[in-house]
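In our numbering, the protein residues as written are 997 to 1615.
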């Protein structure tokens, strides 16, 4: 109990007095149901708007009506009629409920989120299970599947499907009831997808549909506005980027509403403020996550596209952040556009039009590059460029960087080997326990990798397999993580680190996460040589019995050779100065699913400082 209390106090100290004050005020605010009064006000405001105004939805004009999908079939769109959608970019989720679309059910547990409770009375964590599964269909990423199907067939049944699918959601989700009004970011993503669908099918949509969805979007924007301070002052991550961008974009578009100018000003204020601290000066992102950073990149791409269409001049902060985010992510990518599965990952993807794999960022890279300088990074995966009617034919890839001191990412390269190492002193809330983690790539193959996220709402021990040291390629001491979790998304004892040396082929850094626990330092040296990676881990000053364990996680098959030598995928040899074994690991390439993999562990119990040498060779 004392340890948990200490972790809580440390976490609150690090989050700061302004965060504590806001959370306290918000708790009181919720207890007195003040938000319920705001909900009533939103409904009164919506009732004051005439059907004539709701009947005219301004044309955005940013999409290409002649776009043709790179997908080969219409299966994903056809599945919607059977109440199935592609969830988290990788798995088919069934929302069938008695022959209808069960918008409020968890497709895994089949438990229903209370559809008649006000959104502000529904808890984040309950017997419902992971609420992200309830939300997934209501993000409406499946609009991309409907657009793709229509682009391939020109069959008007897909226009009817788009209308019916949206109208069914609106009918089953009257504001302010149900879990789909709970998260402002989820609302923003839904509105962006609806907006893109309406723009694509604009001339072929019924007046009844336009009037109904227009009113729902107006209500949803008022809902975002009413609680945007929560995202700005409490969550302080990509949520506020999405919500602010949504207010900004619709503030430009919906000039028929008196509040449009207020939305635009408020959205711009919150967006520029968030970018000022969330995007580090080297382009790294506050959430320490590749996929969340892509979400922010794509969101800014959309904001810039709409601003261009409406001839609006944006502050330089937005353009600079957009360029920095793009430069960082592109530097982290392989030649095929794929990135490490590093950091929190809930399957977020704003533009799912492309048939590329979820971890392939090239569609987003090409879109960002076309916006920035009217050029492509690669000629492949240009779907988003074509969809948004951008002119870009020349190829001009930006120079890749290998050192990101502000974000704490370091890249080593030699021939076809690529190593990414994490060495960072947290200034903002950590997202996982992984200091001095390394990802190793060879010829576009992620040989040693991050374990992923799996789920934000699962058994604590299972969650630790992914977010804890077990899920990362680094060192664990005394079977203890060097940070403690607090609540569901908090950490105490934020790790401090130091870079000692960085060249094109050598990295030396150390972290001090274990000083508070055991008064120990972990130093890691990585050196790339011809066809091999040498890793030297030093743990010091050890003065009492200490259990030292290295972990190296891979999704490829592993077999033991001789002694402490192991073979990965018949192509890579891993050896160590410690004795080792192959144990069962876990990997989650996509949210809400995981598979058993192999983890090579080297371990020993020592009573004095130790230096462990590990070598990965290309066979």
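C-beta: ideal position from N, C-alpha, C; glycine also.
Can you give me the start and stop residues for the beta strand (DSSP E) that residue i sits inside?
i	result
residue 1590	1589-1602
residue 1082	1080-1083
residue 1115	Per DSSP, residue 1115 belongs to no beta strand (DSSP E) and is neither H nor E.
residue 1442	1441-1444
residue 1090	1087-1090
residue 1548	1542-1550
residue 1568	1568-1572
residue 1416	1413-1418
residue 1405	1405-1410
residue 1534	1528-1536
residue 1564	1561-1564
residue 1155	Where residue 1155 is concerned, there is no enclosing beta strand (DSSP E), although the alpha helix (DSSP H) it sits in stretches over 1153-1168.
residue 1607	1606-1614
Does any heavy atom of the ligand SAM sit closer than 6 angstroms to the C-beta of residue i?
i	result
residue 1043	Ligands in the displayed structure: none, and consequently the ligand SAM is not present.
Can you name the start and end residues of the alpha helix (DSSP H) that residue i belongs to?
i	result
residue 1647	Outside the shown range of the chain, which is 997 to 1615, sits residue 1647, and nothing can be said about it.
residue 1474	Counting along the chain, residue 1474 falls outside any alpha helix (DSSP H), and DSSP gives it neither H nor E.
residue 1583	Where residue 1583 is concerned, there is no enclosing alpha helix (DSSP H), although the beta strand (DSSP E) it sits in stretches over 1575-1586.
residue 1137	Looking at the DSSP string, residue 1137 is not in any alpha helix (DSSP H), and its letter there is neither H nor E.
residue 1438	That residue, residue 1438, is in no alpha helix (DSSP H); its beta strand (DSSP E) goes 1434-1438.
residue 999	998-1011
residue 1254	Careful: residue 1254 lies outside any alpha helix (DSSP H) and carries neither H nor E.
residue 1121	From DSSP, residue 1121 is part of no alpha helix (DSSP H); its letter is neither H nor E.
residue 1249	1234-1249
residue 1368	1358-1369
residue 1396	Run containing residue 1396: none; DSSP gives neither H nor E here.
Given a cut-off of 7 angstroms, decide if residue j and residue i are closer than it, judged by their beta-carbon atoms.
i	j	result
residue 1437	residue 1330	yes
residue 1410	residue 1524	yes
residue 1280	residue 1403	yes
residue 1198	residue 1143	no
residue 1560	residue 1576	yes
residue 1477	residue 1465	yes
residue 1084	residue 1588	yes
residue 1220	residue 1175	no
residue 1086	residue 1586	yes
residue 1364	residue 1386	no
residue 1549	residue 1512	no
residue 1227	residue 1236	yes
residue 1443	residue 1562	no
Leaving aside the five residues before and after residue i along the sequence, list all residues of the same chain whose C-beta is less than 6 angstroms from its C-beta, in chain order.
i	result
residue 1546	1471, 1598
residue 1054	1249
residue 1352	1359, 1377
residue 1193	1139, 1158
residue 1162	1209
residue 1132	1083
residue 1268	1311, 1313
residue 1278	1400, 1402, 1403
residue 1482	1003, 1004, 1007, 1488
residue 1492	1421, 1508
Rounded C-beta distance between residue i and residue j? I'm assuming under 8 angstroms.
i	j	result
residue 1368	residue 1322	7 angstroms
residue 1287	residue 1362	Incorrect: roughly 17 angstroms between the Cβ atoms, too far for contact.
residue 1243	residue 1263	3 angstroms
residue 1606	residue 1554	Not a contact, Cβ separation roughly 24 angstroms.
residue 1380	residue 1350	7 angstroms
residue 1296	residue 1303	In fact, because the Cβ distance is near 10 angstroms, the residues do not count as touching under 8 angstroms.
residue 1051	residue 1206	6 angstroms
residue 1462	residue 1450	5 angstroms
residue 1326	residue 1373	7 angstroms
residue 1610	residue 1557	Actually they are not in contact, since the Cβ atoms of residue 1610 and residue 1557 sit about 14 angstroms apart, beyond 8 angstroms.
residue 1216	residue 1187	6 angstroms
residue 1416	residue 1435	5 angstroms
residue 1145	residue 1070	4 angstroms
residue 1214	residue 1030	The Cβ separation is near 22 angstroms, so there is no contact.
residue 1092	residue 1100	Actually they are not in contact, since the Cβ atoms of residue 1092 and residue 1100 sit about 13 angstroms apart, beyond 8 angstroms.
residue 1178	residue 1115	4 angstroms
residue 1447	residue 1581	7 angstroms
residue 1405	residue 1418	6 angstroms
Among residues of its own chain, excluding the 5 on either side of residue i, which ones have a beta-carbon nearer than 7 angstroms to its beta-carbon?
i	result
residue 1308	1248
residue 1266	1224, 1228, 1236, 1240
Which same chain residues, not among the five before or five after residue i, have their C-beta less than 8 angstroms away from its C-beta?
i	result
residue 1077	1157
residue 1601	1541, 1542, 1543, 1544
residue 1023	none
residue 1604	1538, 1539
State yes or no: is the beta carbon of residue i nearer than 7 angstroms to at least one beta carbon in chain C?
i	result
residue 1291	No chain C appears in this structure, which consists of one protein chain only.
Alpha helix (DSSP H) segments (min. 4 residues) lying fully within the stretch 1283-1354: 1286-1305, 1312-1328
Segments assigned beta strand (DSSP E), at least 3 residues, entirely inside the stretch 1468-1524: 1471-1473, 1480-1482, 1486-1488, 1493-1498, 1502-1507
Unbroken stretches of the alpha helix (DSSP H), 4 residues or longer, contained in the stretch 1015-1073: 1030-1043, 1047-1050
Inside the stretch 1178-1211 only - alpha helix (DSSP H) runs reaching at least 4 residues: 1180-1196
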